[in-house]
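Below: the structure, in structure tokens.
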Amino acid sequence: MSKDETLGEALRRQGVTRRGFLKFCAATASMMALPPSMVPVIAAALESARRPSVIWLSFQECTGCTESLTRSHSPTVEGLIFDSISLDYHHTLQAASGSAAEAARETAMEENHGKYILVVDGSIPTDNPGYSTIAGISNRDMLEDAAKGAAAIVSVGTCAAFGGIPAAKPNPTGAVSVSDLVHDKPIINVPGCPPIPVVITGVLAHYLTFGTIPELDDLKRPKAYYGKSIHDRCYRRPFYDKGLFAETFDDEGARKGWCLYKLGCKGPTTYNACATVKWNEGTSFPIESGHPCLGCSEPGFWDGGSFYRAISTPTEDLSKAAVYAVGAGAVAGVALGAMNRAKKQKSVDAHEKVTIDDLDKEK
Amino acid sequence: MSGPSLQKGLAAFKEQIDAPVAAFFNSCMHCGMCADACLFYTETKDPTRTPIYKLEPLRKVWQQEYTFWGRSMKALGMSKPVTDEELGQWEELVYDSCTLCGRCSMVCPVGNDIAYMIRKMREGMAAAGHAPEGLIGATKRAVTIGSPMGVKLPALQAQIRHIEEDTGLEIPLDREGVDYMCLLSSMEIMNFPEYTAALAKIFHQAGVTWTISSEAFEATNSGIQIGVSEIAAELVQRIVDAAEKLKVKAVISPECGHAYMAIRWEGPNLVGKPFDFKVVHILEVLDELREQGRLKTTGKEMQRLTYHDPCQIARRGGVLEQPRRLLDMIADDFVEMPEAGVMNWCCGAGGGVSSNERADDLRLKVFNRKKAQLDAVQAEGLVSACANCRIHLEEGLEEYHMDLPVLSLTETIAEHLAEDKS
Amino acid sequence: MTETEFLLWVRGPALQIATIVFVLGIVVRILQMVMLGRKANLAEARGSALAGGLRTMVTRSVPDRGTFQRSTFTIVSGYIFHIGLFVTIFLYAPHILLIDEVFGVSWPALPTPVVDATAVVTIIALLAVLIHRIKDPVMRFLSGFSDYLVWLVTFLPLFTGYIAFHRIGLSPPMLIALHILSVELLMVVFPFTKLMHTFSLFIARYYNGAIAGYKGVQS
Amino acid sequence: MQTELETAMLNVELGDALTYNVKPLLHEIRHALAKLLNDEGPTVIDLRSLPLAPGEEEKLLNTLGHGEVHASLNALGPTEVVETGYPGVWVVRHYNTDREVIGKFIEVCDIPDLLRSQQDDIREGLEQLQSELA
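Protein chains in written order, with my numbering: chain A, 643 to 1005; chain B, 220 to 641; chain C, 147 to 365; chain D, 16 to 149.
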């Protein structure tokens, strides 16, 4: 595949017909959460899009994000998108290893300086650089080095976007997110543990299609996917509004598919596209399977207390605090009350009799 | 001992503040509803006359002395102490603009008994030398002469002679072992001797034995109005001594509002022990006689009558049904004023206001409230059971050019006594 | 501090501190109040102080006709926002959940849209109450810093609760955090201000009714 | 018998409680058909962008029913194009080569674009035919 080939040409060369391309564009529009009326625009843009070089760096991660993306073992539209980019470095997926792999990375960085897309999954340890290294290079150094020539950085997964599980208390490695270290490049966060696969490809497709980064929210997440909360798009929302809740995982409410708020659902504070895009080829999403949302696309979800406690409940033991306060209050109140009584008694004791001669003020 | 002072006043405040006062101040949300319940506000529209505001210095002392926050602020020197000037400014609010009628206490949504607190606040005001001159004078006369109006025994004896001549009935003085010892207010002695005559007639018909003490005939208690418990107690003690000396079963409080409050409700608390005798209001006695069939009347008043509930007898005293039942005997056309009973509007002269010449114009101005209430029923006769109310009602009606006779309930009943005695 | 950390802080340590100040403060205030005591009444009773007191605790919630006519706005707006506060605080599902969590008692919630509508009405009533306080000559005259502070700390939880529910302006975790924080502010301010009337008014009404009831009058 | 009854009841419950999306969607289709008749253009509804409850899609498609045309084409995996019982309302389902759904649309149009032979493909085909005949 030549680097100068347009996406249209690449697809045609693979035997994809116009009809196939149309189907591809329709699926891509759906994937990018764009309205179907955008299909012709996408088709025109993709036709002439150049294949960008993509360098994928994996740091403190579990490979779940890559798994999510590559879970399909046959060509999919996401697969096609990947086929149409030049994935020049991905140490899990690439065939090359060792110094050959690193050389490929360095070459790609050099050749496409200022143009390549840097995809990062995993957080970066800032404590001891030795916690995570690739070919003897610390994660931090590699990131900072690779970021220099990147056109944009896509932080895939909650670890790269917000620190994630490695940053959970007490954060032994001093894990931080990409945006904690890189400040001078456009960063697109695609959080989720893992992110929905089409969201990753959707962001790449958007970049391919329009050459720009999509509109982001204040956490640098693409608004197209993270613009609405799970709660807002949840099909169980009417039950919340009616006050019908499952109290346990096996009660009547759970069987009837009532709202999981009381079982700790973080839907109201979680912004993601799960409720519409869904998982596993649009089969379902956690709430549909009867499990509360964990809030995995939100910063700090890993330290948010139990997954199964409702978000409006306190994280500390309040009843104990209240009992102690009543006790302390009783002691303090009795003491202060006694002081008041003593003060009052003093006034009573010191009372000087008022007679009719004590009424007139000397004028 | 050494004359009035701010220290004495503030000490008295501290002494007076109790659990109810603390609960009341704690609960006030400044909703302003007490203003609309107070004739001194509704007729002047002066926000300083809002009942709860009249207590501001007392509230400050409570906050600075008896609350954790106030004490902390005081310790840090961040609170303004109550000054003598301040108390001076409040004198007019606490004495001239409040009759202790307690209407605000009925309205307050959080249940503050504001009149209860004004009564307590006056203790400090008097000790600090901020009582009105008129009340000081009345109080001095009450202690030294025996009556706030300066009525002495010879004057009473002269009146008794006249009444005995008019009625042909004996007015027993200092008779031991009788059922009742009757008290009189100075106003009744000087202005309304008909009341004493009425008592003689009614008791004669009912066969009740009674007397008047030459040592304690005065019912009123300036000590309560000015707010000096020691003086009030001294005045109550005179009655207690006389009643015990004459070994009477009960003492009758006359047609006077605050006299009833003083002897019936405050009396035992002032002298520090329960009485050995009962204290009853004349209306309670009359109603009891009616019930026993010992009070018989003939004929009815044909003009349209209405009844003014004296605050201290009705709302603050609990005598509400008796006057209605009595009026039923003698009134053909009786109408209730709007808000009669516990929510009745004060005439404007109680709680020492009538003894305070400085407040004369104000009390006549606020009488407008009573006028409106009277206008609503178009009565032809206004009955009441308090000599102080009666004098002020007459004055007010004259001021507002209203031609309406003011009647004493006891006297009106006496006029309708059945002649034949069985 | 990230939003989630902030939310965790307000749900955790801050709520704990607020609860301690709130509970301790209320207990202290009530004890300080009641321990001042009052003298036994030596006059012969005509009625029952206890019965009168208990009765007034209830009956004082309903004004007499004349008072209602004279203070219509104060009474109607007062009713609306007090009932509204009760409904939004105690009949909203997530709040009941919180109470259940802390005290182990729960009761059925009202449907969310009903609570939502109540919140709107309550917010409007509170704003009307504020305007009334500023415009009415008596209330303006009586009101000081603490009256407006008390209004503000009452209004904030409702307002932040409303915008949190509708996700207006900020991210949901931030909105919820601000809502909880505003409640904590209310809890901390509570024992130091006349917000105490929530509890003390029953004591005040009792005393009022008891004083009157002893004399055979229903106040 | 028992299980059938239970299933039926569950369906009723689901039907009552969860079908709040079906009716508005049917209305949307109604409006789209009216637009189509007024020459205001076709409409495409992406079923994957809607928060549909379990069973709702089924219910919607059952309501729409089956019409006369059922086409399938093979381009990057199969695609099914079915005309519903309402002429002008088409259901288009894209699959990948593993027959996993990659797109679900309701198209309101004369004929979905995908079924038409594409200009460029026709041109290429023509060129090819010409070269073969040459």
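Note that beta-carbon positions come from the ideal geometry of N, C-alpha and C, so glycine has one too.
Item: Provide the residue span of the beta strand (DSSP E) that contains C:Gly307, from first to last.; Value: Here C:Gly307 belongs to no beta strand (DSSP E); instead the alpha helix (DSSP H) covers 291-312.
Item: Does the beta carbon of A:Ser821 come closer than 9 Å to any beta carbon on chain C?; Value: no
Item: CB-CB under 7 Å to B:Glu395, same chain, minus the five flanking residues each way: which ones, in chain order?; Value: Leu465, Lys466
Item: Starting from C:Met320, follow the alpha helix (DSSP H) in both directions and report where the run begins and ends.; Value: 318-335
Item: Can you check whether the C-beta of C:Glu151 is within less than 9 Å of a C-beta belonging to chain A?; Value: yes
Item: Among A:Glu709, A:Arg983, A:Val965, which residue has its Cα nearest to the Cα of C:Val173?; Value: A:Val965
Item: Restricting to Cα atoms, I'd like to know which of B:Ile390, B:Ala345, B:Gln522, B:Ala595 is closest to A:Ile998.; Value: B:Ala345
Item: Give the secondary structure of B:Met400 by DSSP, where H, G and I count as helix, E and B as strand, and everything else as coil.; Value: strand
Item: Quick one, which residues of the region 927-960 of chain A are near chain B if we go by CB-CB under 7 Å, in chain order?; Value: none
Item: So, for B:Ile236: in the same chain, excluding its five sequence neighbours on each side, which residues have a beta-carbon less than 8 Å away from its beta-carbon?; Value: Leu277, Val280, Trp281, Glu284, Tyr285, Lys339
Item: Alpha carbons only, please: which of D:Leu67, D:Asp54, D:Pro39, D:Ile44 is nearest the one belonging to A:Thr918?; Value: D:Leu67
Item: Taking the alpha helix (DSSP H) that C:Ala164 belongs to, which residues open and close that run?; Value: 159-180
Item: In three-state DSSP terms, what is B:His620?; Value: coil
Item: If you reduce the DSSP assignment to three classes, tell me which class A:Ser797 lands in.; Value: strand
Item: Let me know the secondary structure DSSP gives D:Gly103 once reduced to three states.; Value: coil
Item: Restricting to Cα atoms, I'd like to know which of B:Asp495, B:Leu612, B:Gly600 is closest to B:Leu583.; Value: B:Leu612
Item: Based on the DSSP output, what are the partners of D:Phe120 in its beta bridges?; Value: D:Asp61, D:Val107
Item: Between D:Asn89, D:Glu139, D:Gly118, which lies nearest to A:Val681 when the distance is taken from Cα to Cα?; Value: D:Gly118
Item: Quick check on this structure: which residue in B:Val490, B:Met480, B:His500 has the alpha carbon closest to the alpha carbon of B:Gln456?; Value: B:Val490
Item: Check the Cβ-Cβ distances between C:Ala189 and every residue of chain B, and say whether any is below 9 Å.; Value: yes
Item: Between A:Gly967 and chain B, is the shortest Cβ-Cβ distance under 9 Å, so that the two count as touching?; Value: For the sequence presented, residue 967 of chain A should be read as Ala rather than Gly. With 9 Å as the cut-off, A:Ala967 does not count as an interface residue toward chain B.
Item: Given a threshold of 16 other Cβ atoms within 10 Å of its Cβ, counted over all protein chains shown, does A:Ser716 qualify as buried or as exposed?; Value: Since pLDDT at A:Ser716 reaches only 41, below the 50 mark, its modelled position is unreliable, and the value read off the structure follows with that caveat. By the 10 Å Cβ count, A:Ser716 comes out exposed.
Item: Measure the CB-CB distance between A:Pro910 and D:Tyr35 and report whether it falls below 9 Å.; Value: no
Item: Distance, Cα to Cα, C:Val248 vs A:Gly947?; Value: 16 Å
Item: Quick one: Cα of B:Tyr272 to Cα of A:Ala977, how far?; Value: 31 Å
Item: Leaving out five residues on either side along the sequence, give the residues of the same chain with a beta carbon under 7 Å from the beta carbon of A:Arg875.; Value: Ala917, Thr918
Item: I'd like to check one pair, A:Gly885 with C:Ala255: are the Cβ atoms closer than 9 Å?; Value: yes
Item: Quick one: any contact between the region 289-306 of chain B and the region 245-254 of chain B, if contact means 3 or more CB pairs under 8 Å?; Value: no
Item: Mind the definition here: the region 335-345 of chain C touches the region 511-529 of chain B only if three or more C-beta pairs lie below 8 Å; say whether that holds.; Value: no
Item: Return yes when the Cβ of C:Arg201 is within less than 9 Å of the Cβ of B:Phe287, no when it is not.; Value: no
Item: If you run the structure through DSSP and keep just helix, strand and coil, what is C:His343?; Value: helix
Item: Does the Cβ-Cβ distance between A:Ala803 and A:Leu861 come in under 9 Å?; Value: yes
Item: Alpha carbon to alpha carbon, what distance is there between B:Asn607 and B:Gly476?; Value: 8 Å
Item: Just verifying my parser: in three-state terms, what is the DSSP assignment at B:Glu262?; Value: coil
Item: With a threshold of 8 Å on Cβ separation, who are the neighbours of B:Lys420 within its own chain once the five nearest residues in sequence on each side are excluded?; Value: Thr386, Leu388, Ala633, Leu636
Item: Confirm, please, whether the CB-CB distance from B:Leu524 to B:Glu347 is below 9 Å.; Value: Here residue 347 of chain B is Ala; the residue named in the question, Glu, does not match the sequence. Not closer than 9 Å, so no.
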